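Asker: The end of the sequence shown is residue 739 by the working numbering, with every number in the run present.
Got a structure for you, written out below as C-alpha cells; questions coming shortly.
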Amino acid sequence: MPSALNALKRLTLAFIIMAMVGALCPLPSFAIERQVIRLGYYDQPGLTEGMGDDQRKSGYAYDYLQRISDYTGWKYEYVYGELPELYEKMDQGEVDMIAGVSPNDKTASKAEFANQPIGKRNCTIYKAQDDDSIAPGFMASFIGKRIGVVEGSSSQTFLKKHLKKNVVSCKVVTFADQDAMVEALANDQIDALTAMDIDVSKVPGITECLTIAQDDFYVCVAPSKRTILRGLNEADAQLRNEDPHFLEQLYSRYYQKEAASVAQSDKEKAWLRVHDQLRIGYLEDYLPFSATDDKGQVTGLLKDYLETLQAQPELESLAMEAVPYTNLHDAYDALQSGEIHVLFPTYQDTWYAEGLDLRESTTVFSQTADLIFTGTYSDATLGTIAICAADTSMEGYAAQFFPNSELLMCDSWEACIDAVKGGRAGSALMNRYKSSQHLQQPGNQALRSTSLSTPCTLSFSVKSTDVELLSLINRGIRLMGTEAIDGAVSRYTYYNFDYSLSSFLAAHIELTILAVVLFVLLLVAAFLYYIRSSKKSQDQLNQAKDQLTEALAQADFANESKTKFLFNMSHDIRTPMNAILGFADLLEKHDDDPQKRHQYTDNIKTAGGYLLDLINEVLEMARIESGKANLNEEPGDYVDMLDAVEVVLSEVSGEKNQTLTKTVSIQHPHIFFDITKERTIFLNVIGNAIKYTPAGGTVEVTVTEQPGPDADTIILESVIKDNGIGMTKDFLPHIFDSF
C-alpha cells in the first residue's frame, strides 16, 4: 500500500512539472512567418552572379543557399556590395550571412563559419598569354616579376606563404578588386596575378601558370546570429544526408569547364608532339550517341564532342577523323591494330576493359537499360537474353549483372525482338533509346518492357598503352560539361516510324466509330431475325415470345448502355482530338523551329496513342454487355502516364486561359497497373474539372505515394482540385454511376 501511494505521488508530481513546463515553454504555432535573412551578395563569376533584385541570379553559392532554404524556410534579402564592404556591414549589424568566403580572408576574422565547407577553390597564378618570359610551373621564372593580388584576400595569404617557401624574390602589388587587377595585367602594369578560380574563357588574354594552394570556402554568419548558424548547420547536414551528390553536381555545373580550361598537361603535349591526326571509331547506328547521317558525316553526341575539341586553340593543327563501324567488335580490332586511336561508345567497366586490354575515360553518360519480354515477368525471362552483336555495351552489361543467363547474339536489334516474339529468347536487353524505338513499331504492341535499376555507363576507350591520349580525351569531356552532354543526348533522340494501321485509324477516327456502330447494329438485327424466323409452331411461338421479350429487354439495356457509352466516348475522344488539332496548328505556326516542331510532334503522338486506346475500347464493347471488364496490368512508368495526361489536357486548359498544375511525389514510379484505364480516369476527372471551371480558373492535380499493406504494394493518392462551380451533396451518390 505505501508503495502504491508513493507511485501516485510521483505521478502527480510529474503531471505538475509537465504543466509548468508547458506554461513556461508553450508549443510553437504552425503558422510561423518566414524568417528573413539579410544576405551579403557580391559579384563573383561562377559563385554569386546577378547584382540587383531585377537581375537573374546564379552561381555555386547562390544555388546552395536556395537548397538550404528548402529546409529552413528562409527568405533572403540581398545586400549588395564588395566583399570588404559587406564584412563591415556584418560588423555593423546590417548583414546576417555571406556565402563563398574563406577563414583565410583577413576581413573574415570576426565571422562565425559553418561546420562544413561548401567547396574548394584553387589559388592560381595567371600570366598574359603572349608573355613567354614566364614558364608555366617554374617558380624561378617569377624572380623579379610583379605579381598582383587583391588586398586582404586569402589569395594574398597563400601567395606570401608560397613565395617564402620557395625563396622567390618578386614584387607583390595589391589591388582593391579583381577587375582592377586584370586591367593592370592587360596594361602591362604587372607581369602576373594571383586569384581564386578565374574562368579564363571569360577573361581573354590570360592563361594559368601555376596552382599554389587549395582553399575551402564556407558560409559565414554574423557573431551575434548563433540561431541562424545553428539552423544553417542542421540544414546542411540534412542536405548532405539526403542528397550526397548535390555539391558534386554544383561543381560540375559551374566549375567543370573552368577546371578543364587549364594549360595542356605534359602527357597531352607528349602525345601531340608525335601525332598530327586523331582518328575516333564509332558505332554508325547508335543514336543519340553516334551515327552516320545522310551525307556520310558523323552525328549524335560524338559530333558535338569533336566540335568541342576542335574549338581548343592548342588543337587547331590536329586533324580529327571519325571512322564508322557497323559493330564494335570490328572497331576493337581496329583499335588494337592502330587503325584508330579512340573508340566510342564503349561500356564502362574496369574489369571488362582490362580483359580487352583497354583504358577507359571518365564517364560520358549513364543510360537506362531495358528488358523487353512477353507475357509475365518470371525466372524464364532471364534464362536466355537476346543482345545485338553491334552493341557491346549491352554485352558487357549482361556479363556483369546477368552472369547466369545465356546470351543470344543477334545480327540486329530487330532480330533481338524477333527472338523474343518467337520464343528463342526470354527477353532482349537494350538501352532505353533503342527499346523505345522498337516497342512503338507496328506488330510489337504485345511486348512489354521493364527498366533495370543499375544504369549502363558509357565512356571512350583507348589502348592500354595510350595513357597520354587518355588525358586529352578526359579534358574534352570536362570541357563539354554534363549539361551540354545531356542536351546533346536529348537533341539527338528521335525515331522514324512507318505509316501503320494505327496511324490510319487515328487519322480517320470518325469513319472508324461509324463502322463500329454499324457493325453492332447489324449484329443486333441478325439476332432478332434469327429469333423470329426460327419459331414455327404456336407452342414454339409462345416460347419464342417469352424469349424475345427477355431478349428485347436485354437489347434495350445493351442499347441504352451503348448509347451512354458512345455519348461518353464521344466526350473522351473529343479531348485528345482537340489536343491533336491544337498541336497541329502550333506545328504549322512553328514549322521553322526544329525544337518546337519535335515537341509538338511528340505531343501529337501522345494524344494519338490515347485516341487509339479509346478505339480499342470501342472494338471491345462486348465486355459492356456481359458486365465484365478485365484489368490489363503491365509494368509501366506512372509518372510518364501522368505527363501524357498533362500533354493532352494542357491544350484544352490553355484555350480557357486556365492554370493547370501538376505535383507528383512518387518514390516508386515503375509499377504494374492498367495504363489505359488509369489514364482514362485522370482524363475524365481532370477534363470535367476544366469543363466546369470558368476561364482564368485553376485546376490542381496532386499525386502522392502512401505505404501499402505490404512491401510489394503501394497506395497512390490522387487529388484533383479546382475553383469551379462544384457539385451539390445530392449529386455525390451518382458520381460512380455508369460511365
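Don't be surprised by glycine CBs; every beta carbon is placed ideally from N, CA and C.
What you are looking at is a predicted structure, and each value in this text was computed from that prediction instead of being measured.
Find the nearest neighbour of Gln-445 within the set Ala-319, Phe-373 and Asp-105, judged by alpha-carbon distance.
Answerer: Phe-373
Asker: CB Phe-344 to CB Leu-302, shorter than 8 Å?
Answerer: yes
Asker: Within its chain, find whatever has a CB closer than 6 Å to the CB of Ile-714; leave out the 5 residues flanking it on each side and keep chain order.
Answerer: Apart from sequence neighbours up to five positions away, the residues of its chain that approach Ile-714 with a beta-carbon distance below 6 Å are His-668, Glu-705 and Gly-708, ordered along the chain.
Asker: Hey, how far is the Cα of Glu-314 from the Cα of Pro-136?
Answerer: In a straight line, the C-alpha of Glu-314 is about 15 Å away from that of Pro-136.
Asker: By the three-class DSSP mapping on this structure, what secondary structure does Asp-712 have?
Answerer: coil
Asker: Helix, strand or coil for Asp-132 per DSSP?
Answerer: coil
Asker: Report the residue from Ser-718, Ile-735 and Thr-676 whose alpha carbon sits nearest the alpha carbon of Val-664.
Answerer: Ser-718
Asker: Thinking Thr-308 and Ser-461 are a contact (beta carbons under 8 Å), I'd like their distance in whole angstroms, please.
Answerer: With a Cβ gap of about 19 Å, Thr-308 and Ser-461 do not count as contacting.
Asker: Quick one: what's got a C-beta closer than 6 Å to Arg-34's C-beta in the same chain, skipping five residues either side?
Answerer: Gly-73 and Lys-75
Asker: Curious, which full-length beta strand (DSSP E) runs of at least 3 residues does the segment 39-119 contain?
Answerer: 75-80 and 97-101
Asker: Run through DSSP, which three-state label would Ala-369 get?
Answerer: strand
Asker: Please determine, among Asp-640, Ile-385 and Ala-140, the residue with the shortest C-alpha to C-alpha distance to Phe-673.
Answerer: Asp-640
Asker: Quick one, are the C-beta atoms of Ile-143 and Val-168 less than 8 Å apart?
Answerer: yes
Asker: Is the beta carbon of Ile-37 sitting closer than 8 Å to the one on Glu-77?
Answerer: yes
Asker: Report buried or exposed for Gly-93, applying the criterion of at least 16 other Cβ atoms within 10 angstroms of its Cβ.
Answerer: exposed
Asker: Restricting to runs no shorter than 4 residues, where is the alpha helix (DSSP H) found entirely within the segment 251-320?
Answerer: 256-260, 266-273 and 301-310
Asker: When you compare the CB positions of Val-647 and Thr-606, do they come within less than 8 Å of one another, or not?
Answerer: yes
Asker: Cα-Cα, which of Tyr-87, Asp-70 and Gly-100 is closest to Leu-47?
Answerer: Gly-100
Asker: Run through the DSSP bridge pairs and tell me what Val-219 is partnered with.
Answerer: Ala-99
Asker: Are Gln-348 and Thr-454 touching if we call contact CB-CB under 8 Å?
Answerer: no
Asker: Please tell me whether Val-219 and Leu-239 are closer than 8 Å, where the distance is taken between their beta carbons.
Answerer: No, they are not a contact pair.
Asker: Just tell me which of Leu-518, Gly-582 and Gly-338 has its CA closest to the CA of Glu-655.
Answerer: Gly-582
Asker: Please work out which residues of its chain come closer than 8 Å, Cβ to Cβ, to Met-727, disregarding the five sequence neighbours upstream and downstream, and give them in chain order.
Answerer: Excluding sequence neighbours, Met-727 sits near Ile-735.
Asker: Candidates Leu-472, Ser-451 and Thr-376: which alpha carbon is nearest Leu-272's?
Answerer: Leu-472
Asker: My guess is that Ile-615 and Ile-580 are in contact by the Cβ rule of under 8 Å, so how many angstroms apart are they, rounded?
Answerer: Between Ile-580 and Ile-615 the Cβ distance is about 14 Å, and since that is not below 8 Å, they are no contact.
Asker: My assumption, with CB atoms under 8 Å, is that Asp-197 sits in contact with Arg-121. Please give the rounded CB distance.
Answerer: 5 Å
Asker: What is the rounded straight-line gap between the Cα of Gly-724 and the Cα of Tyr-692?
Answerer: 6 Å
Asker: If you reduce the DSSP assignment to three classes, tell me which class Asp-191 lands in.
Answerer: coil
Asker: In whole angstroms, what separates the C-alpha of Ala-319 from that of Val-342?
Answerer: Cα-Cα distance, rounded: 14 Å.
Asker: Do the segment 429-439 and the segment 359-376 touch if we need at least three Cβ pairs shorter than 8 Å?
Answerer: yes
Asker: According to DSSP, is Asn-233 helix, strand or coil?
Answerer: helix
Asker: The beta strand (DSSP E) that contains His-670, what's its start and end?
Answerer: 670-673
Asker: Pairs of beta-carbons, one from the segment 284-294 and one from the segment 240-249, closer than 8 Å: are there three or more?
Answerer: no
Asker: Who are the near neighbours of Ser-393 in its chain, counting only those whose CB is closer than 7 Å to its CB and skipping five residues on each side?
Answerer: Pro-345, Thr-346, Tyr-347, Cys-456 and Leu-458
Asker: I'd like to know whether the C-beta of Asp-63 is nearer than 8 Å to at least one C-beta of chain B.
Answerer: You won't find chain B in this structure, because it holds only one protein chain.
Asker: Name the DSSP bridge partner or partners of Asp-197?
Answerer: DSSP lists no partner for Asp-197.
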